[in-house]
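A.B. asks: Mind having a look at this structure? Questions to follow.
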Amino acid sequence: MDSIGKNWMLLTNDYVWGHTTSAATRTQVESAGGKILDNLLVPQNTRDFTAYLLKIQQAKPDVVATAVGGDDIKALREQVAQLKLDGKPAWINNQQDWPDVWGAPDSLFGVFGTTWYHKLPLPGVAEFVKKWQAANKDGPIPVPGNVSYNGYMSTRELLRAIERAGSTNNVKIIKELENLKVSATDRMQHFDAYMDPMTHQMQQTVYLARRNAKPVDNTDLFEIISWTEPKSAADDAAPGKCKLTPYEQVPTVDS
């Protein structure tokens with residue numbers, strides 16, 4: 005807001021996630037003294053963003069904040085790059101998943117979120133990458149990204165919860181996971197992570213990144229700009245909106 009400008013536009017996938025994401029962005033922008041010039045609603049499965057990008061060109065905002073996901077964001081990134089709009093206006097994107105980025109690195113622009121990066125200078129990261137590479141020698145992607153990382157972490161913590169519960173009973177496992185706390189070292193992130201028992205949201209370090217202008221190799225696509233501790237990144241409204249089913253109403257499963 006201070007270094008780039010106060011006039012913003014929102015580009016929003018027209019469904020619940022897109023609307024809630026853009027609403028949160030609007031709150032942040034307006035509370036900091038900014039102005040939302042327009043919110044362009046994009047239907048899911050959009051592949052041609054020409055009309056939206058022309059409106060952005062005409063409006064000349066300082067910043068565009070996107071709430072576009074999945075294959076839609078891949079198409080948007082490519083078309084923004086083709087029209088050479090990736091430098092101005094400035095762009096703020098939601099989380100970029102590593103498999104999508106790896107398939108089209110030249111279309112990566114703006115700042116965006118991620119939960120992990122294979123070159124974080126933290127204990128255990130280099131060893132994890134080597135083990136992942138040994139297990140995925142024939143895969144199309146040479147290094148693990150945020151998707152592989154979170155898949156590994158969630159599976160590991162599920163198995164650990166089963167061990168702690170001494171059972172495969174689903175309710176006992178749920179109760180174990182609701183009390184989950186993982187140290188920063190064990191998590192290979194900057195801050196300890198924890199499960200919110202009221203929402204079942206895993207609160208973890210969130211990283212802000214951009215395209216790396218000085219990569220050390222062909223996998224070094226991100227420059228990590230900053231990181232935020234889980235409590236600061238938590239959705240404060242979630243506990244009031246999320247209503248979990250009481251234990252006694254959860255069907256019991258035990259293999």
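Using my numbering, read the sequence shown as starting at 5 and increasing by one per residue.
Note that beta-carbon positions come from the ideal geometry of N, C-alpha and C, so glycine has one too.
#1: How would you label ASN222, buried or exposed, when you count the other beta carbons within 10 angstroms and need 16 or more for buried?
#2: Output the distance between the C-alpha atoms of LEU212 and SER7, rounded to the nearest integer angstrom.
#3: Would the region 41-58 count as touching the region 15-30 if we require 3 or more Cβ pairs under 8 Å?
#4: Is there contact here, the region 74-91 with the region 151-162, by at least three beta-carbon pairs under 8 Å?
#5: Measure the alpha-carbon distance for LYS141 versus VAL175 and round it to whole angstroms.
#6: Mind checking which residues open and close the beta strand (DSSP E) that includes ILE40?
#7: DSSP state of GLN207, grouped into three classes?
#8: Could you give the residue range of the beta strand (DSSP E) that holds GLY117?
#9: What does DSSP give as the partner residue(s) for THR16 in the beta ladder?
#10: Alpha carbons only, please: which of PRO201, ASN173, ASP258 and LEU124 is nearest the one belonging to THR209?
#11: Does the beta-carbon of HIS204 have 16 or more other beta-carbons within 10 angstroms, so that it is buried, or is it exposed?
#12: By the DSSP assignment, the alpha helix (DSSP H) with PHE195 in it spans what residues?
#13: What does the alpha-carbon distance come out to for the pair ASP75 and VAL68?
#14: With 16 as the cutoff for other CB atoms within 10 Å, does SER26 come out buried or exposed?
#15: Pick from LEU44, THR24, LYS64 and VAL46: whose alpha carbon is nearest that of ASN11?
#16: With the cut-off set at 8 Å, would you say PHE195 and GLU227 are in Cβ contact?
#17: At which residues does the alpha helix (DSSP H) containing PHE226 begin and terminate?
#18: Looking at the structure shown, is VAL129 part of a helix, part of a strand, or coil, going by DSSP?
#19: Count the other CB atoms within 10 Å of the CB of ALA197; is the residue buried (16 or more) or exposed (fewer)?
#20: Take every Cβ of the region 97-109, pair it with every Cβ of the region 124-140, and state whether three or more of those distances are shorter than 8 Å.
#21: With DSSP as the reference, label ILE96 as helix, strand or coil.
#22: If TRP102 and THR70 are in contact, beta carbons under 8 Å, what's the gap, nearest whole angstrom?
#23: Beta-carbon within less than 6 Å of GLY22's beta-carbon, same chain only, minus the 5 sequence neighbours each way: which residues are those?
#24: How long is the line joining the alpha carbons of ALA217 and THR119, rounded to whole angstroms?
C.D. replies: Considering the structure as presented:
#1: exposed
#2: 17 Å
#3: yes
#4: no
#5: 37 Å
#6: 39-46
#7: strand
#8: 115-118
#9: LEU45 and ALA71
#10: LEU124
#11: exposed
#12: Unbroken run through PHE195: none, as it is neither H nor E.
#13: 19 Å
#14: buried
#15: LYS64
#16: no
#17: Looking at the DSSP string, PHE226 is not in any alpha helix (DSSP H); the run it does join, the beta strand (DSSP E), is 226-232.
#18: helix
#19: buried
#20: no
#21: strand
#22: No, TRP102 and THR70 are not in contact; Cβ-Cβ is about 18 Å, not under 8 Å.
#23: THR16 and ALA71
#24: 20 Å
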